[in-house]
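Number of protein chains: 2
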Amino acid sequence: MAPLDTLPDSSNAALERLRALLEAASSQKEQRLPPERVLAAQIGIGRPALRRALEVLEAEGRIWRHQGKGTFIGPRPSEPHIDMEEVSKRTHPLEVMDARMEIEPMLARLAALRASNGDVERLVRLANKTAESFDADGRELWDSALHRAIAEVAGNSLLLAVFDLINRVRQDRTWQQLRERARSEERQRIYVEQHRRVVAAVAQREAAAAEGAMREHLSFVRDGLLRIMTHSQVGGDDPHSVETTMPFNDKKELQHGT
Amino acid sequence: MAPLDTLPDSSNAALERLRALLEAASSQKEQRLPPERVLAAQIGIGRPALRRALEVLEAEGRIWRHQGKGTFIGPRPSEPHIDMEEVSKRTHPLEVMDARMEIEPMLARLAALRASNGDVERLVRLANKTAESFDADGRELWDSALHRAIAEVAGNSLLLAVFDLINRVRQDRTWQQLRERARSEERQRIYVEQHRRVVAAVAQREAAAAEGAMREHLSFVRDGLLRIMTHSQVGGDDPHSVETTMPFNDKKELQHGT
DNA sequence: CACGGAACCAATTGCCAATTGGTTCGAGGT
DNA sequence: ACCTCGAACCAATTGGCAATTGGTTCCGTG
Numbered sequence: 001m002a003p004l005d006t007l008p009d010s011s012n013a014a015l016e017r018l019r020a021l022l023e024a025a026s027s028q029k030e031q032r033l034p035p036e037r038v039l040a041a042q043i044g045i046g047r048p049a050l051r052r053a054l055e056v057l058e059a060e061g062r063i064w065r066h067q068g069k070g071t072f073i074g075p076r077p078s079e080p081h082i083d084m085e086e087v088s089k090r091t092h093p094l095e096v097m098d099a100r101m102e103i104e105p106m107l108a109r110l111a112a113l114r115a116s117n118g119d120v121e122r123l124v125r126l127a128n129k130t131a132e133s134f135d136a137d138g139r140e141l142w143d144s145a146l147h148r149a150i151a152e153v154a155g156n157s158l159l160l161a162v163f164d165l166i167n168r169v170r171q172d173r174t175w176q177q178l179r180e181r182a183r184s185e186e187r188q189r190i191y192v193e194q195h196r197r198v199v200a201a202v203a204q205r206e207a208a209a210a211e212g213a214m215r216e217h218l219s220f221v222r223d224g225l226l227r228i229m230t231h232s233q234v235g236g237d238d239p240h241s242v243e244t245t246m247p248f249n250d251k252k253e254l255q256h257g258t
Numbered sequence: 001m002a003p004l005d006t007l008p009d010s011s012n013a014a015l016e017r018l019r020a021l022l023e024a025a026s027s028q029k030e031q032r033l034p035p036e037r038v039l040a041a042q043i044g045i046g047r048p049a050l051r052r053a054l055e056v057l058e059a060e061g062r063i064w065r066h067q068g069k070g071t072f073i074g075p076r077p078s079e080p081h082i083d084m085e086e087v088s089k090r091t092h093p094l095e096v097m098d099a100r101m102e103i104e105p106m107l108a109r110l111a112a113l114r115a116s117n118g119d120v121e122r123l124v125r126l127a128n129k130t131a132e133s134f135d136a137d138g139r140e141l142w143d144s145a146l147h148r149a150i151a152e153v154a155g156n157s158l159l160l161a162v163f164d165l166i167n168r169v170r171q172d173r174t175w176q177q178l179r180e181r182a183r184s185e186e187r188q189r190i191y192v193e194q195h196r197r198v199v200a201a202v203a204q205r206e207a208a209a210a211e212g213a214m215r216e217h218l219s220f221v222r223d224g225l226l227r228i229m230t231h232s233q234v235g236g237d238d239p240h241s242v243e244t245t246m247p248f249n250d251k252k253e254l255q256h257g258t
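Protein sequence lines correspond, in order, to chains A and B.
Using this note's numbering, the letters of the first sequence correspond one by one to residues 1 to 258.
Using this note's numbering, the letters of the second sequence correspond one by one to residues 1 to 258.
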């Protein structure tokens, strides 16, 4: 931010001194710098001057600081977690369906390519369970289990993590009730049939057919959701339904990592 | 686990008592149950008997417990975070490339469909930056920025989160050095050209071409990585290289969510 | 007016005690 | 001899407190 020329002499002197220190400590295990107050006293300058120098070094990416933690050499480490709440907040329900329609057919294709006989057996069992369940909760549970099993059979643990990421956003309680409104006996019957078709394609190792069947299934689910969202909600007994709307998505605010 | 018939009488009595309690408190805001010791005293039974009953209820999914936290009514809440370290640990480098080859071409296709003129301008600028950079670190940085920009232009915030998930695993320090070994002037020249082709396809809104160009690019990257991993590593000065191998992936251990 | 020092604010860490579910072991009764 | 129960112990979590540390504001000094 601040051009070098505008820095006071003391800060510039500190900068040179610090660069030398960083160079020397680059191969050391001591990646932590002394506290600002101590470091300022060591160099023999004031804290404001030191902070101006550190500001430059941080902008250059040579160090990183955090209140309460300290000052460290090297690039800022990426956070070891992904905040699901943040992701959920930014994501529109239709975006979830779009993402599923891109990811899950691909997983079905991979599953068809890599499924063992035991895998197929498991998928068939799950598909049957989906059909046998009578209460809505049970069906939803087995449905979810089937989709995840396909993702597992695909045999790529990173893509499985991707599936879980999408799935967790999908199971956010705010959208849970949105799906409940889309449920119906007729639609459930069709779901069961579509599931059977996907599993059958995987069982016969027909990758393209599995991908197509899954895409068709999700397309149907998507249409159901769209219809619910388009129709004027008659049963407006839920004040929280406003929160499910969030219609806008400014690209400038699409930021997850550093 | 334990069949109901094998439970002692006291536990069965506690079970009935607890079911009634759960039924009554289902609509209350008090989702937390008293500590086991207190609850046992209230009901008038011993803690072992109470715990057997709670074990059943937990297996049924009506309550969930955690050491140090307490016992709560309802389904176990999903963790609000994804542990990147866990994901990294389970994932083989080639799985990362496979995942990228599935995801990023799709993002390039979506980007071609949804790019604004401003978006295209930005992508062109980034592609040029990649070509202009001379030091290896700078190139890697701009390369990463270009790939992410494409993911942003795709316009689906959930798929952007998916991209970030994969990207963070990719940037794990263990594999960083793997990529460093694959670098070469010749390959970098080709990368630049492939990037240009992807951006050009997006600029002309040719979705299929963009997808194809990105797939070709990643296929090239993947081959480079594969060659490095296949060749006997001459410079075996890194004892940690063993950790990058992890060749096996037992499907039984593929579990992320509940 | 500009720079520097001091004081204050806010976030983080480490520590300790209390709480709570999980486990083990022995007493006591059938 | 076996099973059940109570007690003690173990381990994980929470909350509060003090100390540390980067971030900010304010005022004195030259």
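Even for Gly, the Cβ is constructed at its ideal location relative to N, Cα and C.
Since the structure is predicted, the reported quantities are computational estimates derived from the model, not experimental observations.
A direct Cα-Cα distance of roughly 43 Å separates H231 of chain B from S88 of chain A.
A straight-line Cα-Cα distance of about 19 Å links M97 of chain A and S184 of chain A. Scanning the region 121–176 of chain B from its first residue to its last, the whole alpha helix (DSSP H) runs of 4-plus residues come out as 136–153 and 157–170. I63 of chain B has B:I73 as its beta-bridge partners, per DSSP.
By the neighbour-count criterion, in which a residue is buried when 16 or more other Cβ atoms sit within 10 angstroms of its Cβ, N156 of chain A is buried.
Counted as a single uninterrupted DSSP element, the beta strand (DSSP E) harbouring I82 of chain A occupies residues H81 to D83. Residue nearest to R215 of chain A within the set A:R90, A:I43 and A:H147 is A:H147 (criterion: CA-CA distance). Beta-bridge partners assigned by DSSP to L33 of chain B: B:T71. For R76 of chain A, the nearest beta carbon of chain B is not closer than 7 Å to its own beta carbon. Scanning B:G46, B:P105 and B:S78 for the CA closest to the CA of A209 of chain B turns up B:P105. Contact annotation, A115 of chain A with V198 of chain A: C-beta distance approximately 12 Å; criterion of less than 8 Å not satisfied.
Not a single C-beta of chain B is nearer than 7 Å to the C-beta of R173 of chain A. When 9 Å is used as the limit between beta carbons, S26 of chain A is near no residue of chain B, the shortest such separation being about 14 Å. The residue among A:G138, A:A161 and A:R173 with its C-alpha nearest the C-alpha of I103 of chain A is A:A161.
Close to P80 of chain A, with beta-carbon spacing below 8 Å, are these residues of chain B in chain order: D83, M84 and E85.
One Cα belongs to H66 of chain B, the other to H81 of chain B, and the distance between them is close to 17 Å. Fewer than three Cβ pairs drawn from the region 60–79 of chain B and the region 166–178 of chain B lie within less than 8 Å of each other, which leaves the two stretches out of contact. For the C-beta of L165 of chain A, the chain B residues within less than 7 Å are, from N- to C-terminus, I82, A161, V162 and L165. In terms of beta-carbon proximity, S157 of chain B lines the interface with chain A, with at least one pair separated by less than 7 Å.
Interface criterion not met: the Cβ of D143 of chain B is under 7 Å from no Cβ in chain A.
Between the C-alpha atoms of H217 of chain A and V153 of chain A there is a straight-line separation of about 18 Å.
For the pair E23 of chain A and G138 of chain B, the Cα-to-Cα distance works out to about 19 Å. Look at R183 of chain A here: in three-state DSSP terms it is coil, with no helix or strand label. Under the three-state reduction of DSSP, H92 of chain A is assigned to coil, being neither helix nor strand. Selection B:A151, B:E95 and B:K129 evaluated against D119 of chain B yields B:A151 as nearest (Cα-Cα). For the region 92–120 of chain B, the residues whose beta carbon sits under 7 Å from a beta carbon of chain A are, in order, E95, V96, D98, A99, E102 and M106. Around the beta carbon of A111 of chain B, 16 or more other beta carbons sit within 10 angstroms, so the residue counts as buried.
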